[in-house]
Amino acid sequence: MDYETFKTELLEVLQRAAGEKKEVSLHQIEKNNGVLLDGIIIRKEGKNIAPTLYLEELYEAWEENASMEELAKEILAFEELQKPETEISMENFEDYGQARTRIYYKLINYEMNRKRLDKMPHIKYLDLAVVFYYRVEGGNFHGATVLIHNCNLEAWGITRRCLLEDAVHNTSRKLPYTLQGMEALIAELTGESPEFSREEELMYVLTNKEKCFGAAVILYPHVLSHIAGLLRGNFYILPSSVHECILVPDRGQYSRLELKKMVREVNEKQVEEEEILSNEVYYYDRKKAALMM
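Each residue of the sequence shown is one higher than the one before, starting from 1348 at the first, in our numbering.
Dropping the structure here:
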């Protein structure tokens, strides 16, 4: 059975199995970098949230399972386990006086999201775009995010400048940056002792404390100049994903061309398409206190 036939049949089987108290629907969901995914949404009566299950993953499971009915049974059982103790209240989101303390920014690729950016307040930065999101804080859904669109600014009656000021205040304060040497990180993950001192580290991982949309820390006030002081010189920034960057001190061991090739290869082989930030390499000049391509 091909994917399109699977998609139609699974939806029909789920709708029959779910009964009248649950609405099962199929949606095409646009993700970062223009990635489109087919998602099954199962919504109960009177509920304002519902889990989304992506069909590409379900198709792989079905090929191993070979039973549409068994797969549908497993999906509904999973959905039951996702019962939240409380519903997400959107009252804080609708009132900007309350929402403003939960506004953050992140970085995405400009060209890969050009069409979507027409609908969102954004700021172009190098080959990237700064976009904004509302972040749920506390409760069962801590960390869930809602991307902010132009229509939200209109409903709130605020300007992009106001949004930016609140995002700058919240992001660096609530999601502080972390910088860790690559050798030290590997040692931490493997439980071994690092073999190199800070001065000998060839690469560093830069992200935020939650490692979510951590590439945005390169925008934090004074962070890059502070890091240049710690590293005692200029450095390259490799955008390894929307969640983190790799810093390479400029000690002559790598050329810009070599680093750019490295970024492209990692993006092609190791990074999910929707998490790619850029294929470029950036350079921080300590004397100019500037980040450039």
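C-beta: ideal position from N, C-alpha, C; glycine also.
Backbone CA spacing between residue i and residue j [nearest angstrom]
i	j	result
tyrosine 1567	arginine 1611	25 Å
aspartate 1442	alanine 1491	18 Å
arginine 1447	leucine 1454	19 Å
glutamate 1356	glutamate 1403	14 Å
methionine 1467	valine 1478	7 Å
phenylalanine 1543	glutamate 1530	Unreliable placement is indicated for phenylalanine 1543, whose pLDDT of 46 sits below 50; no coordinate value is reported for it.
arginine 1545	leucine 1578	Only weak support is given to the placement of arginine 1545: the predicted model assigns it a pLDDT of 49, under 50, and the value that follows is read from those uncertain coordinates. Taking the straight line joining both Cα atoms gives about 9 Å.
glutamine 1445	threonine 1506	16 Å
glutamate 1417	glutamate 1351	19 Å
glutamate 1411	methionine 1348	13 Å
isoleucine 1470	arginine 1508	10 Å
leucine 1361	glycine 1561	38 Å
glutamate 1620	valine 1382	7 Å
tyrosine 1524	lysine 1462	30 Å
glutamate 1627	serine 1572	21 Å
asparagine 1456	leucine 1473	10 Å
asparagine 1517	serine 1414	48 Å
alanine 1637	tyrosine 1631	6 Å
glutamine 1375	isoleucine 1623	20 Å
aspartate 1346	methionine 1609	There is simply no residue 1346 to check, as the chain begins at 1348 and stops at 1640 in what is shown.
8 Å Cβ cutoff met for residue i and residue j
i	j	result
valine 1564	glutamine 1527	no
alanine 1641	isoleucine 1389	Missing from the structure shown is residue 1641; the chain here goes from 1348 to 1640 and no further.
leucine 1460	valine 1589	Reading the sequence as shown, one finds asparagine at residue 1460 and not leucine. Result no, Cβ atoms of asparagine 1460 and valine 1589 do not sit closer than 8 Å.
leucine 1475	serine 1625	yes
leucine 1595	leucine 1606	Correcting the residue type first, residue 1595 is valine in the shown sequence and not leucine. Yes. Within cutoff.
asparagine 1555	leucine 1522	yes
tyrosine 1406	phenylalanine 1353	yes
leucine 1358	valine 1371	yes
Top-ranked residue by Cα proximity to residue i, from the options
i	options	result
methionine 1639	Asp1513, Met1529, Tyr1480 and Tyr1583	Tyr1583
isoleucine 1450	Glu1410, Tyr1457, Ile1593 and Leu1494	Leu1494
leucine 1549	Val1589, Gly1580 and Glu1410	Gly1580
asparagine 1499	Thr1518, Asn1439 and Leu1522	Asn1439
glutamate 1377	Asp1632, Gly1576, Leu1464 and Lys1368	Leu1464
arginine 1363	Leu1373, Ala1419, His1516 and His1374	Ala1419
glutamate 1367	Ile1387, Lys1391, Trp1503 and Val1570	Lys1391
lysine 1635	Leu1604, His1569, Gly1599 and Val1618	His1569
Strand pairing of residue i, partner residues [DSSP]
i	result
glutamate 1591	Ser1588
glycine 1386	His1374 and Tyr1401
histidine 1469	Val1478
isoleucine 1422	Beta-bridge pairing links isoleucine 1422 to no other residue.
aspartate 1513	Bridge partners of aspartate 1513: none, in fact.
methionine 1639	Tyr1630
asparagine 1456	Leu1475
Near the ligand ADP: residue i beta-carbon under 7 Å from a heavy atom
i	result
glutamate 1404	The model depicted lacks the ligand ADP and carries no ligand whatsoever.
The segment 1467-1484 contacting the segment 1417-1424, beta-carbon criterion three pairs below 8 Å: no
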